[in-house]
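These protein sequence lines are chains A and B, in that order.
All residue numbers for the first sequence refer to the working numbering, where the first residue is 1 and numbers rise by one.
All residue numbers for the second sequence refer to the working numbering, where the first residue is 1 and numbers rise by one.
By construction, the Cβ of each residue, glycine as well, lies at the ideal position given by its N, Cα and C atoms.
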Amino acid sequence: MESIGVLMTCPPPDPYLVEQLEKRFTLFKFHSIPDKAHFLNSNKASIRAVVGNASAGADAQLIHQLPNLEIVSSFSVGLDKIDLAKCRERGIRVTNTPDVLTDDVADLAIGLMLAVLRRLCQSDRYVRSVNSCMEGRLVSSSLAVPPFLQIDYYFLQVCVFVLLNIDEVITTLGYISKVNPDCSASLGTLGLRNGAKFAFSKSSWLNFTGKSVGIIGLGRIGLAIAKRAEAFSCPISYHTRTEKSDVKYKYYPSVVELAANCQILVVACALTEETRHIINREVINALGPKGVLINIGRGPHVDEPELVSALVEGRLGGAGLDVFQDEPNVPEELFGLENVVLLPHVGSGTMETRKEMADLVVGNLEAHFLNKPLLTPVL
Amino acid sequence: MASYANQECFQSNDDHPMVLLHRLPSFNSPLKDILQPHFHLLDPADSPEPASSFLSCHAKSVRALICIYNTPLSAETLNLLPSLELIVATSAGVDHIDLEECRCRGIIMTNASTAFAEDAADHAVALLIDVCRRISTADRFVRGGLWPVKRDCPLGFKVGRKRVGIVGLGRIGLEVGKRLEAFGCSIAYNSRKKMPSVPFSYHANVLDLAEDSDALILCCSLTEQTHHIINKDVLEALGKEGVIINVGRGALIDEKVLVQFLLRGDTGGAGLDVFESEPDVPRELFELDNVVLSPHRAIFTSESLEALHQLVFTNLKAFFSNKPLQSVFQIE
Numbered sequence: 001m002e003s004i005g006v007l008m009t010c011p012p013p014d015p016y017l018v019e020q021l022e023k024r025f026t027l028f029k030f031h032s033i034p035d036k037a038h039f040l041n042s043n044k045a046s047i048r049a050v051v052g053n054a055s056a057g058a059d060a061q062l063i064h065q066l067p068n069l070e071i072v073s074s075f076s077v078g079l080d081k082i083d084l085a086k087c088r089e090r091g092i093r094v095t096n097t098p099d100v101l102t103d104d105v106a107d108l109a110i111g112l113m114l115a116v117l118r119r120l121c122q123s124d125r126y127v128r129s130v131n132s133c134m135e136g137r138l139v140s141s142s143l144a145v146p147p148f149l150q151i152d153y154y155f156l157q158v159c160v161f162v163l164l165n166i167d168e169v170i171t172t173l174g175y176i177s178k179v180n181p182d183c184s185a186s187l188g189t190l191g192l193r194n195g196a197k198f199a200f201s202k203s204s205w206l207n208f209t210g211k212s213v214g215i216i217g218l219g220r221i222g223l224a225i226a227k228r229a230e231a232f233s234c235p236i237s238y239h240t241r242t243e244k245s246d247v248k249y250k251y252y253p254s255v256v257e258l259a260a261n262c263q264i265l266v267v268a269c270a271l272t273e274e275t276r277h278i279i280n281r282e283v284i285n286a287l288g289p290k291g292v293l294i295n296i297g298r299g300p301h302v303d304e305p306e307l308v309s310a311l312v313e314g315r316l317g318g319a320g321l322d323v324f325q326d327e328p329n330v331p332e333e334l335f336g337l338e339n340v341v342l343l344p345h346v347g348s349g350t351m352e353t354r355k356e357m358a359d360l361v362v363g364n365l366e367a368h369f370l371n372k373p374l375l376t377p378v379l
Numbered sequence: 001m002a003s004y005a006n007q008e009c010f011q012s013n014d015d016h017p018m019v020l021l022h023r024l025p026s027f028n029s030p031l032k033d034i035l036q037p038h039f040h041l042l043d044p045a046d047s048p049e050p051a052s053s054f055l056s057c058h059a060k061s062v063r064a065l066i067c068i069y070n071t072p073l074s075a076e077t078l079n080l081l082p083s084l085e086l087i088v089a090t091s092a093g094v095d096h097i098d099l100e101e102c103r104c105r106g107i108i109m110t111n112a113s114t115a116f117a118e119d120a121a122d123h124a125v126a127l128l129i130d131v132c133r134r135i136s137t138a139d140r141f142v143r144g145g146l147w148p149v150k151r152d153c154p155l156g157f158k159v160g161r162k163r164v165g166i167v168g169l170g171r172i173g174l175e176v177g178k179r180l181e182a183f184g185c186s187i188a189y190n191s192r193k194k195m196p197s198v199p200f201s202y203h204a205n206v207l208d209l210a211e212d213s214d215a216l217i218l219c220c221s222l223t224e225q226t227h228h229i230i231n232k233d234v235l236e237a238l239g240k241e242g243v244i245i246n247v248g249r250g251a252l253i254d255e256k257v258l259v260q261f262l263l264r265g266d267t268g269g270a271g272l273d274v275f276e277s278e279p280d281v282p283r284e285l286f287e288l289d290n291v292v293l294s295p296h297r298a299i300f301t302s303e304s305l306e307a308l309h310q311l312v313f314t315n316l317k318a319f320f321s322n323k324p325l326q327s328v329f330q331i332e
């Protein structure tokens with residue numbers, strides 16, 4: 001099979017996947033090829049498979065340029081980057097990676113709900129920054145900035161605040177050092193004035209237990225989210241194209257009604273023409289200033305500029321976002337908000353699951369070229 | 001401010017039984033306003049008199065005391081309250097109260113476990129998911145503008161298949177177990193007593209529990225027996241990929257040892273809401289991306305505080321009407 005050309009259209013998503021593909025096939029990494037048109041012209045005959053993911057797959061134009069394409073194997077469960085109609089027309093097989101990532105995505109959805117409601121990321125930044133500030137050292141907030149550039153954005157804010165309010169800080173911290181602190185009540189005074197990141201007003205922290213959760217899309221991932229949220233005594237409601245008869249949760253025929261009747265709204269459906277911008281201004285307003293949006297679907301599910309302005313203006317209570325309109329670019333207006341959690345599309349981002357996904361991609365390709373039944377066919 | 005100095009002693013009446021508010025001067029609790037219409041509140045912190053003389057003069061007949069947050073309550077103070085029968089703690093942990101003295105005197109104690117259990121359990125689960133899935137790390141990655149530059153954030157680890165060991169299966173521990181079962185975790189526990197009615201497997205000691213677990217979640221009280229219950233042996237048994245979550249008390253863990261294990265990569269990660277010397281946090285932890293830190297606020301949500309106020313009020317009413325109490329802490 002070594003002479004079979006496999007075109008990876010996305011940036012290499014996983015070193016293990018690349019290694020396994022290179023062992024078996026001739027792998028072309030499309031993303032890093034400077035003159036793509038020339039490359040395709042020269043190599044189109046040998047390319048019989050495409051491997052893509054959530055960021056890039058096989059659109060009509062690419063399919064047209066690959067006359068010998070037989071199979072598209074996606075390193076994702078979502079298929080929105082593949083022109084399925086074109087594949088059907090050409091008889092091209094399509095596979096994805098369902099089930100193996102269901103639990104991870106559902107775990108992350110709940111993790112986001114907890115992190116947003118309980119301001120977990122903000123607390124973590126706070127502990128690291130305030131404590132470092134008191135010891136006069138710089139703290140890195142990033143993974144790869146060289147030591148001499150490691151300055152925490154929030155640390156800078158703390159320093160400025162401390163210098164401007166040194167008397168109050170000393171008094172407050174002096175009190176704290178005497179007692180096992182009711183940290184929120186006392187340290188909350190530290191940042192209340194200018195809405196700095198260290199204003200822990202109690203009312204901004206919320207319980208997750210008992211909050212009503214509305215799920216858009218009740219497939220494998222939606223059901224897994226519901227099962228977990230139920231363990232926190234959350235009432236569950238949902239919206240799908242048609243009501244499901246075998247499900248005990250409350251159904252709403254429209255997303256707006258669902259949003260108006262829940263406190264946490266989760267996007268867990270596939271991205272199609274119908275679900276593009278399913279979260280729009282009307283839905284965001286229905287969810288409201290106490291509502292939280294969680295998106296573990298696809299960036300285009302949400303009208304992103306509307307979402308950003310709603311969060312900045314306080315018309316929406318909070319958001320946990322793993323996906324964005326134009327990854328890896330994230331609207332910078334969100335960086336300063338304490339009621340959002342921003343993740344770099346890591347829904348399936350565990351060592352265990354990425355390996356299982358890679359094994360499925362490779363397994364499907366092998367099965368196809370050995371004329372065996374595909375493991376997880378879509379087409 | 002009431003002119004306590006002008007009165008020799010206070011008589012409570014049936015309508016407004018006397019209750020002593022035991023607090024540090026800077027601990028202002030909304031409980032005072034909530035309880036004032038129903039009880040005759042004695043608040044030594046509000047009086048210019050030194051506490052000991054105030055109590056000697058005015059609190060001899062006090063039967064019930066509210067301990068605000070973790071205001072230390074010593075044997076010395078208790079000795080000034082000969083009629084005391086009930087202590088209402090407003091925290092789940094009661095290690096700031098002289099339990100031995102209470103046991104000798106037969107004083108009943110209630111704590112805030114039933115008000116806080118769900119909230120504390122939510123926080124424990126939140127920390128576990130964050131540590132495993134690197135949520136706070138990834139959030140920093142995005143906010144630091146690194147995603148367009150570096151493309152890939154380091155991967156996390158599955159929550160679902162973890163074998164979870166709960167240290168202390170009280171109300172909080174039970175709520176943690178119930179939640180994590182839904183994630184596909186297998187749950188085991190160590191507690192003072194085995195609980196046959198509970199569907200989780202019991203281990204007689206924390207070392208055995210650690211051997212059989214991928215993550216340990218500390219939900220027990222701090223006592224002499226549980227001080228540094230997480231030590232070098234337990235961390236070795238937990239292993240290089242093990243995760244430790246603490247929503248109990250800082251001193252449950254030998255913190256210096258934990259820091260060394262984390263720095264060497266001999267422990268997989270930690271989610272810590274409490275520390276041995278709060279508000280100081282070991283600064284070595286700040287560089288680590290497999291650690292999540294929160295400033296002792298597992299239960300400071302508005303819902304929990306409302307539940308606490310309701311619990312305190314209900315328990316005081318019940319006590320003075322000779323009715324059963326909720327959230328009684330068994331002193332052993």
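Three or more Cβ pairs drawn from the region 284–292 of chain A and the region 313–328 of chain A lie within less than 8 Å of each other, which places the two stretches in contact.
Straight through space, the alpha carbons of A:Asn207 and A:Val127 are spaced by roughly 21 Å.
Under the three-state reduction of DSSP output, A:Arg119 falls in the coil class, being neither helix nor strand. Scanning its chain for C-beta atoms nearer than 8 Å, with the 5 sequence neighbours on each side dropped, one finds around B:Asp212 the residues Arg163, Gly165, Ala188 and His203, in chain order. What B:Phe200 touches in chain A, judged by beta-carbon distance under 7 Å, is nothing: the nearest beta carbon there is about 14 Å away. Spanning the alpha carbons of B:Leu21 and B:Arg283 requires a straight line of approximately 37 Å. With at least 16 other beta carbons inside 10 angstroms of its own, A:Glu338 counts as buried. Chain-ordered, the chain B residues with CB closer than 7 Å to the CB of A:Lys227 read Ala182. Beta-bridge pairing by DSSP links A:Asp326 to A:Asn329.
Taking 7 Å as the threshold, the shortest C-beta distance from B:Thr301 to chain A falls below it. Residue environment analysis places B:Ser327 among the buried positions, since at least 16 neighbouring C-beta atoms fall within 10 angstroms of its C-beta. Runs of the beta strand (DSSP E) lying entirely within the region 52–90 of chain B and spanning at least 3 residues, in chain order: 64–67 and 86–89. Here A:Met357 is not bridged, per DSSP, to any residue. Taking C-beta separations shorter than 6 Å and ignoring five residues to either side along the sequence, the partners of B:Arg23 in its chain run Ala45, Ile68 and Thr71, following chain order.
At least one beta carbon of chain A lies nearer than 7 Å to the beta carbon of B:Phe286. DSSP places B:Leu42 in the uninterrupted beta strand (DSSP E) bounded by His40 to Leu42. Taking C-beta separations shorter than 7 Å and ignoring five residues to either side along the sequence, the partners of A:Glu356 in its chain run Val100, following chain order.
From the listed residues B:Pro199, B:Cys219, B:Asp233 and B:Met109, the smallest Cα separation to B:Val167 is found for B:Cys219.
Residue pairing from DSSP places B:Ile230 in a beta bridge opposite B:Ile253. The beta carbon of B:Arg63 sits no closer than 7 Å to any beta carbon of chain A. Spatial neighbours of A:Leu66 in its own chain (CB-CB distance under 6 Å, excluding positions within 5 residues in sequence) are listed in chain order as Lys44 and Ile47.
With contacts defined as CB atoms closer than 7 Å, A:Ser73 and A:Val361 qualify as a contacting pair. With a cutoff of 7 Å on beta-carbon distance, A:Met8 and A:Arg24 are scored as not near each other.
Taking the Cβ atoms as the reference, B:Leu222 lies roughly 6 Å from B:Leu252, within the contact range of under 8 Å. The three-state secondary structure of A:Ala260, taken from DSSP, is helix. Only those residues of the region 270–282 of chain B whose C-beta falls short of 8 Å from the nearest C-beta of chain A are listed: Glu278, Pro279, Asp280 and Val281. In terms of beta-carbon proximity, B:Pro37 stays away from the interface with chain A, with every pair separated by 7 Å or more. DSSP places A:Gly349 in the coil class of the three-state scheme, outside both helix and strand. Just measuring C-alpha positions, the residue of A:Glu274, A:Glu313, A:Lys248 and A:Asp246 sitting nearest A:Ser254 is A:Glu274.
According to the DSSP assignment, A:Phe28 belongs to the beta strand (DSSP E) that extends over Thr26 to Lys29. B:Pro37 sits in coil when the DSSP states are folded into three classes, being neither helix nor strand. Residue-level contact check: B:Ala115 does not touch chain A, since none of the beta carbons of chain A fall below 7 Å from its beta carbon. Counting along the chain, A:Leu342 sits inside no alpha helix (DSSP H); it lies in the beta strand (DSSP E) bounded by residues Val340 to Leu342.
B:Lys323 and A:Asp303 have their C-alpha atoms spaced approximately 57 Å apart. Burial state of A:Asn295 is buried, judged by a 10 Å Cβ sphere holding 16 or more other Cβ atoms. Pro11: these are the residues of the region 6–35 of chain A whose beta carbon lies less than 7 Å from some beta carbon of chain B, given in chain order.
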